[in-house]
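Report on the following structure.
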Amino acid sequence: MFDLFQITAEQVAEFQQNGAVCLRQVFSPDWVRRVEKGVEKVLQSPSAWSESLSAEGGSGKYFNDYCQWRRIPEFEDYVFNSEAAAIVGQLMQSEEVAFYHEHVLIKEAGTNKKTPWHVDQTYYPINGSKACSIWMPLDPVSLESTIEFVAGSQHAPALYRPRKFATSNNYPLVEDAMDEQYEDVPDIENDRDKYKIIKWAVEPGDVIVFHMKCLHGAPENLQPIQRRVLSTRWLGDDCVIAKRPWVTSPPTNGGLKPGDKAMCEEFPRIWSKSNQR
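Quick note: the sequence shown uses the numbering used here, first residue -17, plus one each step.
Structure, rendered in structure tokens:
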């Protein structure tokens, strides 16, 4: 059973306005150690979905893997017993919270592979305004190497096409776009002055919580240390299954149909406001 971490009204307002908020020293050193142990297990036995990417002609590797929480006890413990679900429930102002999946993101020291600007939500078969991620660093991350956000971009009506991390190319269409129109992610990197970009240097124990429709990306990791992150995805009470015109990542809808509430055995309810669980 997790303790209820009290989010302030100012933090809720910042998340709702900007689409991202940094919370300092939310997780104890014990939770950080547990998550580190889980990440080591992923590295020792990566799944078929794992990737190890590098920039063309560049140095260092960018490793990522996901949807392993059921076989990694430390991740399952974090999902069910840490403060994470209570935190996002309060920030999203949701009556209940379901867990979607986790994503391990590791950039080796000196990696010059960037993470392209994107939004998370259209990678997924998920629609809804209450959906977010917790970005939990396991190493100190400098301002020069940290994740970046376009403040307030979650309020834009646009639905952006997902991009491959390996190439930055759009996901290929496998069918027509149906009733929804999708746009290319704007070229934020070459027009940064046009946007309000926010970011934070962080330490282990800190987290950044961000909306799944908030535009974000990350630069190279030119620090002399690796940048290990566990990013967990959470769904609020208005999230439903959606149909996308590409193969979603992860390629699962939990056995649900478009329009169904995104809560099931595969996406279990972790927290509710009525009983704080």
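In this text, a Cβ means the ideal position worked out from N, Cα and C, and glycines have one as well.
Cutoff 8 angstroms; reference residue i; Cβ partners in own chain excluding five residues on either side
{"i": "ILE207", "result": "ALA91, ASP121 and PRO122"}
{"i": "GLN26", "result": "none"}
{"i": "ASP158", "result": "PRO227"}
{"i": "ASP242", "result": "VAL222 and ILE223"}
{"i": "SER41", "result": "GLY92, THR93 and ASN94"}
{"i": "GLU162", "result": "LEU141"}
{"i": "PRO232", "result": "TRP31, TYR48, CYS49, HIS83 and TYR106"}
{"i": "GLU(-8)", "result": "none"}
C-beta atoms of residue i and residue j nearer than 8 angstroms
{"i": "CYS221", "j": "ILE108", "result": "yes"}
{"i": "ALA200", "j": "GLU247", "result": "no"}
{"i": "TRP31", "j": "ASP12", "result": "no"}
{"i": "PHE62", "j": "ILE252", "result": "yes"}
{"i": "CYS196", "j": "SER127", "result": "no"}
{"i": "TYR105", "j": "THR234", "result": "no"}
{"i": "GLU165", "j": "ARG145", "result": "no"}
{"i": "ASP102", "j": "MET194", "result": "yes"}
{"i": "PHE192", "j": "GLY1", "result": "yes"}
{"i": "SER213", "j": "GLU84", "result": "yes"}
{"i": "GLY110", "j": "LEU217", "result": "yes"}
{"i": "PHE147", "j": "THR97", "result": "yes"}
According to DSSP, residues forming a beta bridge with residue i
{"i": "TRP117", "result": "ILE190 and SER213"}
{"i": "PHE249", "result": "The partner list for PHE249 (beta bridge, DSSP) is empty, contrary to what the question assumes."}
{"i": "THR230", "result": "According to DSSP, which records beta bridges pairwise, THR230 is partnered with nothing at all."}
{"i": "VAL79", "result": "TRP253"}
{"i": "THR97", "result": "ALA200"}
{"i": "TYR142", "result": "GLU165"}
{"i": "ALA2", "result": "PHE192"}
{"i": "ILE180", "result": "PHE131"}
{"i": "VAL86", "result": "ASP47 and LEU212"}
{"i": "VAL222", "result": "ASN109 and LYS243"}
{"i": "SER64", "result": "SER64 is not bridged to any residue."}
Whole-number beta carbon distance between residue j and residue i, since they are thought to touch under 8 angstroms
{"i": "ILE69", "j": "VAL8", "result": "7 angstroms"}
{"i": "LEU73", "j": "ILE179", "result": "Actually they do not touch by this definition, with Cβ atoms about 21 angstroms apart."}
{"i": "SER115", "j": "ARG215", "result": "5 angstroms"}
{"i": "VAL24", "j": "GLN(-1)", "result": "With 8 angstroms as the limit, VAL24 and GLN(-1) do not qualify as a contact, their Cβ atoms being about 34 angstroms apart."}
Contacting residues, own chain, Cβ-Cβ under 6 angstroms from residue i (five flanking each side not counted)
{"i": "VAL249", "result": "Sequence inspection shows Phe at residue 249; the Val mentioned does not correspond to that position. The answer, listed in chain order, is ALA80, TYR82 and GLY236."}
{"i": "SER36", "result": "LYS43 and LYS95"}
{"i": "GLU58", "result": "TRP51"}
Cβ shell of residue i (< 7 angstroms), same chain only, five flanking positions each side left out
{"i": "ASP219", "result": "SER76, GLU77, GLU78 and LYS112"}
{"i": "CYS4", "result": "TRP182, VAL184, ASP188 and ILE190"}
{"i": "PRO240", "result": "ILE223, ALA224 and LYS225"}
{"i": "ASP(-15)", "result": "Note that ASP(-15) scores a pLDDT of 48, beneath 50, so its modelled location is shaky and nothing firm can be said."}
{"i": "PRO154", "result": "TRP228"}
{"i": "PHE(-13)", "result": "VAL8, GLU65, ALA68 and ILE69"}
{"i": "VAL156", "result": "PRO227, TRP228 and VAL229"}
Nearest neighbour of residue i, chosen from the options [CA to CA]
{"i": "VAL189", "options": "GLN(-1), VAL14, GLU(-8) and ASN0", "result": "VAL14"}
{"i": "SER256", "options": "PRO232, GLY39 and GLY71", "result": "GLY71"}
{"i": "LEU204", "options": "PRO28, GLY1 and SER124", "result": "SER124"}
{"i": "ARG6", "options": "SER41, GLU56, MET118 and SER213", "result": "MET118"}
{"i": "THR93", "options": "GLY110, ARG209, ARG174 and LYS23", "result": "ARG209"}
{"i": "ASN151", "options": "TYR177, GLY39, GLN(-1) and TRP99", "result": "TRP99"}
{"i": "PRO55", "options": "GLN(-1), ALA244 and VAL21", "result": "VAL21"}
{"i": "VAL211", "options": "ALA(-9), PHE(-13), VAL156 and LYS19", "result": "LYS19"}
{"i": "ASP140", "options": "VAL167, TYR60, VAL86 and LEU155", "result": "According to the sequence displayed, residue 140 carries Ala and not Asp. The candidate whose alpha carbon is nearest that of ALA140 is VAL167."}
{"i": "ALA133", "options": "PRO186, SER41 and ASP175", "result": "ASP175"}
{"i": "SER254", "options": "ALA67, HIS137, GLU162 and PRO186", "result": "ALA67"}
{"i": "PRO28", "options": "VAL86, TYR60, SER10 and GLU(-8)", "result": "VAL86"}
{"i": "ARG16", "options": "PRO232, ILE170 and TYR60", "result": "TYR60"}
{"i": "GLU202", "options": "ALA(-9), HIS137 and GLU171", "result": "GLU171"}
{"i": "ALA138", "options": "ALA(-9), PRO186 and TYR177", "result": "TYR177"}
Residue i CB to nearest heavy atom of the ligand GDP below 7 angstroms
{"i": "ASN152", "result": "Of ligands this structure carries none, so the ligand GDP is not represented either."}
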